[in-house]
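Here the structure is laid out as structure tokens; the discussion comes afterwards.
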Amino acid sequence: MFSNEVDNKNQKAYEDLLVSIEASEDILSLLIAVCDDNDCRLGVIQQYETDVQPQIRPYRVALTPTQPSLRAAIAELVETEEYLSDGGRAVLTVTGAEKLFFLKLGEERSQQEIFFGYLQWTREGLRQFPYPIVLWVTNQILVDLSKQAPDFWSWRKGVFRFVSKKTGLIPSTEIKGVAIKNLSSAQSRNALIENQENADINTFPSWRYSRDLTLEEDQNQLIPLADLQALIEQTEQQRGAKDSNLAILYERMGQIYSKRLERGEAQNYQQEQELAISYFHKAAELEQEFGWEEDFASSLNNLANLYQSLGRYEQAEPLYLQALDLRKRLLGEQHPDVASSLNNLAALYQFLGRYEQAEALYLQALDLSKRLLGEQHPDVATSLNNLANLYKSLGRYEQAEPLYLQALDLSKRLLGEEHPSVATSLNNLANLYQSLGRYEQAEALYLQALDLSKRLLGEEHPSVATSLHNLAYLYESLGRYEQAEPLYLQALHIFENGLGKEHPHTVICRKNLELLGSER
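Start counting the sequence shown at 6; every next residue gets the next number (my numbering).
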């Protein structure tokens with residue numbers, strides 16, 4: 006069921022959970038399974054439900070916001086199932102806790118608080134159910150479970166943790182930055198908030214809805230994204246769509262989703278892309294209306310990045326140009342954000358085949374980054390890498406190689422060897438060596454890049470698909486068709502799921518797979 010290093014840990018957790026289920030005959034056994042990824046959770050449930058049959062019959066119970074009582078949900082199931090009423094051997098899987106809101110959202114108690122309250126006074130009531138009960142929770146709920154329901158916690162027979170890059174949670178530190186930034190930014194924007202001490206639920210709602218939680222009390226708190234989405238929706242309803250705080254919240258949510266896409270944490274890649282676009286679009290509209298030009302430029306740039314990643318180049322170009330113009334006017338021509346905009350616009354022009362324009366902008370961006378940030382900076386590595394990509398695509402291999410090597414060395418030293426940027430540099434250098442006919446070097450680098458991307462971003466990330474596709478193309482060019490085909494198929498599956506069937510990367514991969522079939 007599991008294959009790589011992270012999955013080996015999950016395999017151990019699964020085996021321990023399975024043993025605990027099978028050993029819990031005719032006794033109540035509270036088993037707490039922890040997972041933040043919906044797909045991983047469902048996969049594990051389906052696996053143990055298959056493995057325990059026919060000796061143990063599986064049942065599922067779903068908690069709901071209106072009825073978050075574990076005992077009541079199980080009692081209702083037992084009452085309606087004759088097999089359970091007659092004492093048949095079974096395992097009960099309980100899900101739904103992951104959907105309960107952590108934030109109060111204006112209520113006296115949050116949905117999770119009500120859930121914990123039921124758990125705390127449920128232990129004795131569960132004695133009548135002589136089954137292994139697998140309660141699925143998130144890491145955020147697990148942390149609070151021991152504090153909010155210590156009596157229930159003391160009865161647990163085991164905690165089984167399943168790890169995944171994908172998660173529906175974000176660290177509170179990301180939101181802490183929002184709160185502090187919002188307060189200070191609002192003060193500078195026509196004194197929207199006069200002072201932090203007087204900020205109440207109507208002034209800045211994000212943390213005033215929490216369960217008496219202050220950021221200083223728990224720096225490692227995990228927050229469900231669904232709670233933040235619900236909070237924003239409630240704020241829209243109560244304060245109107247033109248509330249100034251919403252502009253900052255929208256922008257931050259767009260940034261959060263963008264980072265999740267980059268880090269391989271998105272539970273649904275396409276859906277979270279669209280959410281990021283939606284939040285940045287809403288932020289840009291309000292920022293423009295309020296005259297927050299610097300923030301408006303940032304949102305335009307972020308929107309353009311997302312459109313470019315989706316292959317929607319015609320939508321990206323005017324946004325990049327507008328962001329670049331605003332940044333030059335507001336920040337001056339000698340600013341790192343200007344260099345970033347130049348670099349982004351150059352990458353777009355390269356995709357569109359406008360190579361002369363791309364080269365001029367890349368060179369400007371590289372020179373600006375070096376002068377403003379110094380030669381030892383990640384932005385310089387990015388510029389070197391991008392310029393090398395351009396030279397490689399133009400067949401100027403002698404100019405490309407030293408730039409690739411510089412970018413790779415810089416990324417390793419500044420970011421560490423275990424970083425997605427290093428995987429990107431390895432992949433690009435491998436692509437160059439393939440073009441130069443240095444196939445053994447190319448294969449070794451492609452394999453390194455693929456392994457690194459899988460470990461850092463998860464097996465379903467588009468960057469992994471890119472590495473798979475490039476390796477397949479190498480094998481195809483060497484006549485190793487049997488090795489190439491499964492890699493193309495894997496890459497196509499990831500591209501279709503992550504980027505959509507009509508994305509340029511997907512189309513190219515599908516075409517190469519079809520060509521491979523005609524060559525064999």
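No residue lacks a Cβ here, since even glycine has one placed at the ideal position from N, Cα and C.
The C-alpha of residue 442 lies about 56 Å from the C-alpha of residue 105. Per the C-alpha coordinates, the member of 295, 332, 316, 280 positioned closest to residue 305 is 332. In this structure, the CA atom of residue 312 is about 53 Å from the CA atom of residue 33. Beta-bridge analysis with DSSP links residue 62 to 95. The continuous beta strand (DSSP E) containing residue 34 extends over residues 34 to 39. Residue 126 counts as exposed, since fewer than 16 other beta carbons sit within 10 angstroms of its beta carbon. In the three-state scheme derived from DSSP, where H, G and I count as helix and E and B as strand, residue 67 is classed as strand.
Contact check for residue 449 against residue 470 fails: the beta carbons are separated by 7 Å or more. Pairing residue 165 with residue 45 gives a Cβ-Cβ distance that is not under 7 Å. Inter-residue distance for residue 479 and residue 472 is about 11 Å (C-alpha atoms, whole angstroms). Taking C-beta atoms as the reference points, residue 351 and residue 373 fail to come closer than 7 Å. Per the DSSP secondary-structure output, residue 175 pairs in a beta bridge with 228.
Nearest C-alpha to residue 500 among 489, 400, 490, 515: 515.
A distance below 6 Å between beta-carbons, with the five flanking residues on each side excluded, links residue 147 to the following residues of its chain, in chain order: 39. Here the region 285 to 292 lies against the region 238 to 258, with 3 or more beta-carbon pairs under 8 Å apart.
Across the structure, residue 320 and residue 307 are spaced so that their CA atoms are roughly 12 Å apart. Of all alpha-carbon atoms in 61, 356, 54, 42, the one lying nearest the alpha-carbon of residue 29 is that of 61. As computed with DSSP, residue 164 is found in a beta bridge with 37. Scanning its chain for C-beta atoms nearer than 6 Å, with the 5 sequence neighbours on each side dropped, one finds around residue 151 the residues 158, in chain order. Spanning the alpha carbons of residue 389 and residue 400 requires a straight line of approximately 16 Å. The Cβ atoms of residue 97 and residue 64 sit closer than 7 Å to each other. For residue 140, the enclosing beta strand (DSSP E) starts and ends at 137 to 142. Here the region 419 to 430 makes contact with the region 451 to 461; the two share three or more CB pairs at distances below 8 Å.
Here residue 299 is actually not in contact with residue 266; their C-beta atoms are around 24 Å apart, not less than 8 Å. For residue 275, the closest C-alpha among the options 250, 318, 76, 467 is that of 467.
The beta carbon of residue 145 lies closer than 6 Å to those of 174, 227 in the same chain, with the five residues before and after it left out.
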